[in-house]
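Number of protein chains: 4
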Amino acid sequence: MANDYLKDKCGVFGIFGHKDAARLTYLGLYALQHRGQESAGIVTSDGRLVREHKGMGLVSEVFNEEEISSLTGNIAIGHTRYSTTGSSNIKNAQPFLVETLAGHIAVAHNGNLVNALTLRRKLEKEGAIFQSSMDSEIAIHAIAHSKKKDFKERIKDGISQLEGAFSMALLVEDGIIAVRDKRGFRPLSLGKLDGAYVIASETCAFDLIHAEFIRDIEPGEILFITDKGLKSDRISDKKTRCSFCVFEYIYFSRPDSSIYGHNVHLTRKRQGRELAKEAPCKADLVIAIPDSGSSAAIGYSEQSGIPLDMGMVRNHYIGRTFIQPAQHIRDLSVRVKLNPVKDVVKGKKIVVIEDSIVRGTTSKARIRTLREAGAKEIHMRVSCPPHISPCYYGIDFPTKEELIGSSHTVEEVRRFIGLDSLAYLSLEGLYKAMPLPKNKFCVSCFTGKYHVLPEHGIGKFNLENQLSFLNKI
Amino acid sequence: MANDYLKDKCGVFGIFGHKDAARLTYLGLYALQHRGQESAGIVTSDGRLVREHKGMGLVSEVFNEEEISSLTGNIAIGHTRYSTTGSSNIKNAQPFLVETLAGHIAVAHNGNLVNALTLRRKLEKEGAIFQSSMDSEIAIHAIAHSKKKDFKERIKDGISQLEGAFSMALLVEDGIIAVRDKRGFRPLSLGKLDGAYVIASETCAFDLIHAEFIRDIEPGEILFITDKGLKSDRISDKKTRCSFCVFEYIYFSRPDSSIYGHNVHLTRKRQGRELAKEAPCKADLVIAIPDSGSSAAIGYSEQSGIPLDMGMVRNHYIGRTFIQPAQHIRDLSVRVKLNPVKDVVKGKKIVVIEDSIVRGTTSKARIRTLREAGAKEIHMRVSCPPHISPCYYGIDFPTKEELIGSSHTVEEVRRFIGLDSLAYLSLEGLYKAMPLPKNKFCVSCFTGKYHVLPEHGIGKFNLENQLSFLNKI
Amino acid sequence: MANDYLKDKCGVFGIFGHKDAARLTYLGLYALQHRGQESAGIVTSDGRLVREHKGMGLVSEVFNEEEISSLTGNIAIGHTRYSTTGSSNIKNAQPFLVETLAGHIAVAHNGNLVNALTLRRKLEKEGAIFQSSMDSEIAIHAIAHSKKKDFKERIKDGISQLEGAFSMALLVEDGIIAVRDKRGFRPLSLGKLDGAYVIASETCAFDLIHAEFIRDIEPGEILFITDKGLKSDRISDKKTRCSFCVFEYIYFSRPDSSIYGHNVHLTRKRQGRELAKEAPCKADLVIAIPDSGSSAAIGYSEQSGIPLDMGMVRNHYIGRTFIQPAQHIRDLSVRVKLNPVKDVVKGKKIVVIEDSIVRGTTSKARIRTLREAGAKEIHMRVSCPPHISPCYYGIDFPTKEELIGSSHTVEEVRRFIGLDSLAYLSLEGLYKAMPLPKNKFCVSCFTGKYHVLPEHGIGKFNLENQLSFLNKI
Amino acid sequence: MANDYLKDKCGVFGIFGHKDAARLTYLGLYALQHRGQESAGIVTSDGRLVREHKGMGLVSEVFNEEEISSLTGNIAIGHTRYSTTGSSNIKNAQPFLVETLAGHIAVAHNGNLVNALTLRRKLEKEGAIFQSSMDSEIAIHAIAHSKKKDFKERIKDGISQLEGAFSMALLVEDGIIAVRDKRGFRPLSLGKLDGAYVIASETCAFDLIHAEFIRDIEPGEILFITDKGLKSDRISDKKTRCSFCVFEYIYFSRPDSSIYGHNVHLTRKRQGRELAKEAPCKADLVIAIPDSGSSAAIGYSEQSGIPLDMGMVRNHYIGRTFIQPAQHIRDLSVRVKLNPVKDVVKGKKIVVIEDSIVRGTTSKARIRTLREAGAKEIHMRVSCPPHISPCYYGIDFPTKEELIGSSHTVEEVRRFIGLDSLAYLSLEGLYKAMPLPKNKFCVSCFTGKYHVLPEHGIGKFNLENQLSFLNKI
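Residue numbers (numbering that gives the first Met the number 0), protein chains in the order written: chain A, 0 to 472; chain B, 0 to 472; chain C, 0 to 472; chain D, 0 to 472.
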């Protein structure tokens with residue numbers, strides 16, 4: 000997949016009760032860097048004083064030894080963010096920290112609220128002044144405006160007003176709170192290290208710091224972690240169907256992570272095996288689009304018996320600020336990331352494994368470079384169904400119009416990309432590969448059927464644009 | 000291999016006669032980034048005016064659109080450098096540009112001279128003032144001090160005084176010159192694009208800009224590229240045995256490059272096949288150390304029939320400035336780069352394919368993380384013989400004492416790393432895998448036998464240290 | 000005076016209806032740079048879109064051509080700030096801009112509220128979340144929480160809750176509002192340029208842009224400037240005695256400014272004349288402490304007939320980040336700014352004119368350097384009375400305990416500083432020099448009598464410290 | 000004077016034998032900052048190891064505590080530089096440090112060589128490779144190419160080839176060398192501090208660090224300062240007439256410095272007195288152009304009896320990067336630096352004291368602002384004769400054509416500037432004010448008669464331009 004299109008994924012981390020809280024959070028964010036490269040931040044508390052450091056860029060760019068050292072305290076939360084360009088500024092970096100009459104509160108958020116505008120308008124009418132266009136700020140104001148007496152009740156009250164997808168870590172002066180929306184769109188896990196509790200979007204963050212996985216935060220759970228230990232509560236008493244994002248398995252999460260309790264790489268291998276069963280192919284070689292197609296390609300190769308070879312090589316030094324210096328070199332942005340290994344593909348019939356197709360333009364460019372490298376036949380197998388509809392729960396797919404699968408038949412897509420054959424994994428095949436029952440998943444992007452609708456109906460949803468409009472009327 | 004130990008590799012690029020000379024050089028350096036990440040630079044000429052831009056860091060950090068635009072002219076050379084920490088400063092960034100009475104001259108150099116000190120001392124006695132501790136500056140002074148009348152003769156005269164390993168691109172105001180030492184230690188290729196000539200350390204740079212490979216620069220060749228076309232000459236008339244660096248195939252070059260005329264990935268796959276023949280293993284899975292072991296692992300898997308799986312995942316966001324934030328987390332620097340996929344290796348007998356072992360400490364740490372992930376048996380197969388001796392021709396291996404293979408038996412190394420079994424590819428096996436006759440290669444690091452000795456005998460060779468000493472006596 | 004102790008002075012500027020609004024604001028801030036060097040900022044509006052740029056440092060460091068160009072619109076306000084170190088961060092830079100349901104509003108504030116804490120606590124109880132520890136943010140929240148229907152009424156309602164010293168420029172999407180507290184502690188003037196209205200803390204800002212001075216904003220006035228012209232209103236109907244800060248004449252304002260309608264330099268010259276009458280001195284030379292004592296020294300010289308000479312030279316290149324590189328050089332920080340001209344003072348009886356004495360330590364160091372330069376006798380005359388009490392209206396004097404005049408007799412101060420004689424201008428003498436009747440001025444710092452008390456009684460007042468405390472109880 | 004036109008002045012500092020050598024050099028450069036604001040640098044030696052730090056900008060911007068601390072050793076030299084824009088880059092920052100066979104050598108240079116090109120060409124023919132277009136590099140190469148055996152003899156031999164103006168501090172690993180050309184164009188003084196020897200362009204640098212002035216370095220003297228003490232030698236045995244730059248007294252040096260043994264401020268006051276005698280004026284007030292005209296204005300006021308007042312105020316916060324944000328504001332660049340005090344000059348007959356007139360444009364703008372402020376009559380008195388010819392000895396005056404005094408009569412200049420009357424101090428009057436006999440001075444810029452001609456005859460001399468040309472033929 001062209002990862003250019005996946006923008007609102009974020010990484011969330013938290014730790015309570017460790018003397019190296021900031022350092023471990025730094026490492027946790029490092030492991031979650033693939034979930035967001037726009038900005039990073041850490042907020043810590045020593046029980047009284049709260050400190051923060053945030054910046055634009057990679058975790059390794061935002062923090063240095065001095066800053067980590069200054070983030071004292073044994074409580075910390077952290078965040079890595081990737082968002083659309085328009086809102087790419089330091090004001091929207093997280094965690095979002097404020098000081099209220101009841102003390103400091105900070106939030107790190109992964110997901111997307113569907114009632115953001117309504118809630119924001121309501122709070123502004125009550126006098127609230129917003130600094131950013133982030134969902135997470137709405138959560139904070141909802142808490143601050145709660146009329147409940149007890150601080151925990153205020154948090155619960157504020158959170159209960161949120162609708163949509165949110166996996167959050169909140170920090171208060173003497174604890175952290177892990178929250179996951181009632182449908183559980185985004186992952187959030189609980190771990191333990193040296194007696195301290197840890198939360199993270201993915202378990203690969205636990206591995207890096209040698210923390211032990213305990214369990215997932217439950218959908219609808221609000222978990223208070225203080226020096227009195229864990230106290231679990233429910234956002235609401237109502238039972239709701241789960242809506243785990245299936246795309247976390249297909250593309251988002253790191254292959255070494257276990258999410259929703261199961262390993263990502265093995266799930267992808269099963270997708271590759273199902274794909275080989277559903278859409279076999281007469282080819283000399285299986286070629287992965289590295290690295291996102293690698294797991295499924297191993298599965299396809301094993302199931303089909305067609306040998307896997309390294310037909311494309313990834314350049315590891317793609318800076319985030321690559322300039323496009325030569326307009327006349329076709330497919331440069333694709334070519335600079337992936338280069339075919341000519342001597343491998345020349346004269347060969349190859350089957351290329353992609354994790355997904357969004358607009359089709361990136362796939363088209365990649366196939367062209369393989370053709371130029373001399374491949375005799377090129378077949379593509381995609382390890383999920385065609386994307387036909389946007390996501391309102393935290394993934395920034397393009398609009399429906401731009402999703403090639405929404406308006407083109409498979410045959411049309413094949414021609415557009417320039418393939419000898421093309422097949423997608425069916426939804427049923429996808430379910431077979433999944434480690435959990437199919438009714439646990441959100442597959443809205445493949446079906447166009449949504450479990451909870453955004454406030455203004457179906458359409459490209461963007462808080463920033465809406466706000467600009469709203470303020471003028 | 001722990002690539003921390005391979006430091007003096009450099010990438011060289013040059014282009015003559017293209018209106019986008021600087022932009023294409025920028026791209027060429029991008030493709031050669033793996034050969035050096037310390038500094039980067041480009042020098043251009045429009046036939047009269049010469050411009051340069053150099054900086055510390057990755058190509059993408061050193062250049063932006065403004066700088067590329069300011070590098071006008073249709074002649075350019077570029078360089079990426081990786082060197083030892085001591086000399087890591089902008090003064091040692093290349094290309095090295097000076098203005099002489101005869102005009103500007105710049106040099107970009109890959110390799111290591113073995114008579115640097117003697118030559119520098121001779122030139123200093125004649126009044127030369129050196130700005131840096133780089134070999135390449137010596138070449139420039141040797142040219143400037145030549146008594147020959149003709150400029151081309153002066154260049155040839157200066158270059159002919161150099162001994163050791165050097166693949167160079169020189170820029171003068173109206174042309175570029177490609178030079179390769181008579182033994183041809185380091186690669187250097189000639190290509191063509193839109194009528195312009197291109198030279199590059201590896202052919203992957205040609206692929207990125209759509210240039211066509213023509214031939215390698217010959218060992219001992221000095222090739223003048225001007226608007227009169229190509230004019231090839233010999234540094235010296237004497238015939239010498241070739242000494243192509245075998246380690247370019249084993250580790251250095253990109254798998255998608257062809258060096259010495261043959262693809263790197265396919266050579267590595269053959270190494271893996273030979274290794275499987277020489278050192279078979281009863282195992283459930285073949286696991287590559289990504290990405291340097293991947294090609295050989297495919298070969299080993301194909302030959303042995305043992306399935307290949309993704310047992311370790313590489314973190315793509317390792318910044319160059321990663322701080323070591325948690326001393327107490329064992330193996331952190333290894334773990335942050337590679338994480339085992341627990342569910343793949345747990346309970347399995349695995350055979351791990353490494354490209355080489357230098358000190359053994361990195362391998363030891365990696366094996367420990369695989370043990371902790373639950374691997375039942377761990378066997379290691381290394382796709383080259385043990386390193387027993389340093390390199391004087393451009394690779395900064397550690398000293399003989401630090402090379403574990405020089406002082407430990409294979410059994411001792413196995414115990415040190417903590418393996419169930421360990422085997423290296425034999426030198427004969429390595430030769431079998433190579434695409435060229437064995438008498439074409441330099442294998443000094445495996446044998447301790449050198450084709451040309453450095454001036455002060457065998458020992459850790461370091462121009463900087465020597466200079467400090469020399470100036471005091 | 001040691002200007003290190005005068006920290007909360009700020010410069011305020013605004014312009015409505017000029018196509019070069021941002022550029023003229025940049026220049027206005029340039030002219031007001033002496034009122035604050037910590038941070039600078041500009042907010043503009045084109046009637047619909049609001050833009051801002053703020054940064055730490057001097058106006059010339061914060062803005063470049065690109066930023067000025069991007070600040071489009073014909074409405075602008077700007078601010079330069081100097082504050083205590085603790086709160087020296089970008090969050091406290093002004094203008095403070097927020098987006099409310101009714102549109103954007105920004106504020107630039109000079110002065111100090113005396114009911115900041117009470118008001119902030121009240122607003123926080125209503126759910127307000129504060130981003131900074133600035134007084135000006137309180138004003139904004141007070142406006143946002145107002146229950147009035149009309150926007151102008153809401154502004155007036157919010158402002159009317161503020162107590163203490165405030166001269167403010169507010170920007171809304173279609174206008175600017177100039178406000179001055181009912182006692183008029185800080186200056187604020189109205190001017191005109193090419194048909195556009197301009198407001199500024201001092202008239203020197205008008206001079207630079209060739210604007211014409213019209214009148215001062217009245218104490219208690221709230222002036223709405225929109226495309227309908229000027230609309231003047233009163234914050235409150237109650238009449239109050241004026242409290243113009245006398246220290247603006249003595250030290251703060253630029254000598255070329257006219258404040259409260261009269262030129263500063265001429266006022267200071269009159270102070271020097273009064274001082275010469277009250278405290279004559281037998282001396283060879285009058286020496287000014289440059290540049291703050293220069294005007295009074297001219298007056299003293301003229302009145303006394305003692306020639307004025309350049310006894311000390313000011314170094315114009317004192318960077319804001321001067322490091323103290325040599326602990327053992329006595330009086331270095333004084334000496335680096337001012338150097339005596341030995342050949343002028345050697346063997347001479349001199350009378351040194353200071354504008355004021357705060358702690359006495361800086362004066363002591365200066366006198367010592369003059370002694371070392373060979374002065375035979377050193378007499379000091381100070382052009383205002385002794386400071387005995389802190390300021391709650393916008394000047395960050397040290398605490399009462401640190402004000403040497405509060406605890407020491409003139410004779411004790413003379414001995415501490417090391418003078419042959421010392422005399423201050425009397426309060427009556429000061430009044431005589433002033434261009435306005437004495438009942439127009441605030442002279443609390445000389446008398447300890449305050450026209451309006453801060454909420455927690457007399458004492459060192461600091462919102463930041465108070466907030467930290469408040470949040471814990 | 001418009002100090003924009005005075006560009007090649009530099010500040011030189013050196014210290015031998017003090018444990019705080021770098022810190023004291025930092026302070027010395029601080030005091031000499033007025034002699035150059037383009038770049039600054041320090042080189043230190045601890046007897047064996049040599050360290051350097053250089054950067055673009057003010058001393059306070061180039062150095063921080065960390066860098067000062069890293070400059071270990073008790074020997075140091077430093078430099079501040081101001082040069083023409085064309086060569087404004089870090090390569091031309093000084094001190095210029097190289098490593099030769101005989102050890103490190105660094106040079107800090109104030110002045111201008113007149114045989115730079117000839118000497119450079121000669122050295123290049125011998126194989127020398129130059130890094131910069133600085134005169135000082137030529138000195139270093141001349142030393143390196145000397146055939147003398149003894150190091151001191153080589154230095155003397157190299158220096159003796161230089162012609163023109165040079166006051167230099169050289170650093171070698173175990174000492175510093177102070178050199179002044181045989182005519183002594185530029186000042187250089189020797190001082191002592193805590194047993195350590197100090198050299199500086201002006202004595203104000205001694206004052207700041209509490210060093211004691213000993214004597215000036217003699218014209219033609221080469222003074223070796225090592226742990227054996229002072230060893231004075233002569234560059235050449237020939238006796239030459241002195242050519243002290245008279246403009247150091249008129250404008251360059253700080254008023255608190257003593258140069259050529261006498262205080263600058265008092266000399267300028269005498270110029271003012273002579274001016275009052277030669278060119279009296281019926282006026283109400285004497286007004287100085289601050290700060291360069293201040294000393295002469297005091298002298299003029301004292302002699303004439305006309306009171307001095309502050310008619311213009313200088314803005315102390317002119318950043319070095321002031322952008323010109325408003326083309327339509329006439330005289331903005333003048334106005335932003337100096338603002339008239341309207342209430343002082345309105346309706347008054349004033350006599351304005353300028354230190355010199357170069358192009359006349361700046362004076363014209365200043366006079367216009369005084370007219371607009373309401374001055375009734377404006378008379379200008381200039382404290383030196385008209386400039387009619389360029390300087391080849393270190394001051395970057397504009398070309399003869401641009402010097403208004405070279406082509407216009409006094410009456411024409413008066414009309415151009417817009418004055419009621421104009422008079423210059425005569426050359427004889429200038430001599431009378433000087434503290435040394437008239438045959439000690441270089442007054443070429445007033446007479447067009449030169450004591451030593453540049454190699455290519457009279458004309459605008461510029462090494463950079465010449466080099467570009469030279470390399471093409």
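Cβ atoms here follow ideal geometry from the backbone N, Cα and C, with glycine treated the same way.
For this session: Mind checking which residues open and close the alpha helix (DSSP H) that includes THR266/B?
Result: 263-277
Exercise. Is the beta carbon of GLU125/A within less than 6 angstroms of some heavy atom of the ligand MN?
Worked result: No copy of the ligand MN appears in this structure; indeed no ligand is present at all.
For this session: Examine the Cβ distances between the stretch 19-39 of chain A and the stretch 55-72 of chain A and report whether three or more of them are shorter than 8 angstroms.
Result: yes
Problem set entry | Straight-line gap, GLU301/A to GLY183/B (C-alpha atoms, nearest Å) | 42 angstroms
For this session: Less than 8 angstroms between the CB atoms is what I'm expecting for SER159/B and ARG153/B, so what's the real figure, rounded?
Result: About 11 angstroms separates the two Cβ atoms, so there is no contact after all.
For this session: In the DSSP assignment, find the unbroken beta strand (DSSP E) run with THR99/B in it and report its ends.
Result: 95-99
For this session: Taking all protein chains shown into account, decide if THR84/C is buried (16 or more other Cβ within 10 angstroms of its Cβ) or exposed.
Result: Per-residue confidence for THR84/C stands at a pLDDT of 38, beneath the threshold of 50, marking its modelled position as unreliable; the derived number appears in the next sentence. Exposed.
Exercise. Got a sec: is the Cβ-Cβ distance from ILE248/C to anything in chain D below 7 angstroms?
Worked result: Correcting the residue identity first, residue 248/C is Tyr in this sequence and not Ile. No, TYR248/C lies away from the interface with chain D (no Cβ there is under 7 angstroms from its Cβ).
For this session: Specify the secondary structure class of THR446/A as computed by DSSP and reduced to three states.
Result: helix
Exercise. Hey, is LEU435/B's beta-carbon within less than 7 angstroms of any beta-carbon in chain A?
Worked result: no
For this session: Measure from the C-beta of HIS108/D to each C-beta in chain C and report whether the shortest distance is under 7 angstroms.
Result: no
Problem set entry | Interfacial residues, the stretch 123-157 of chain A to chain C, with Cβ spacing under 8 angstroms | GLU123, LYS124, GLU125, GLY126, ALA127, ILE128, PHE129, GLN130, ILE139, HIS140, ALA143 and HIS144
Problem set entry | Separation of VAL343/C from LEU189/D, as counted between CA atoms | 22 angstroms
Exercise. Which residues of chain C have a Cβ atom closer than 7 angstroms to the Cβ of CYS203/D, listed in chain order?
Worked result: ASN338
For this session: Answer yes or no: does any C-beta atom of chain B fall closer than 7 angstroms to that of VAL113/A?
Result: no
Exercise. Counting only runs that start and end within the stretch 190-221 of chain B, where is the beta strand (DSSP E) found for 3 or more residues in a row?
Worked result: 195-199 and 211-215
Exercise. What do you reckon, are the CB atoms on MET309/B and HIS264/A nearer than 7 angstroms?
Worked result: yes
For this session: Run down chain B in chain order and give the residues with a C-beta less than 7 angstroms from the C-beta of MET309/A.
Result: PRO254, HIS264, SER293, SER294 and ILE297
Exercise. What number of angstroms, rounded off, separates the C-alpha of ARG414/A from the C-alpha of ASN314/A?
Worked result: 28 angstroms
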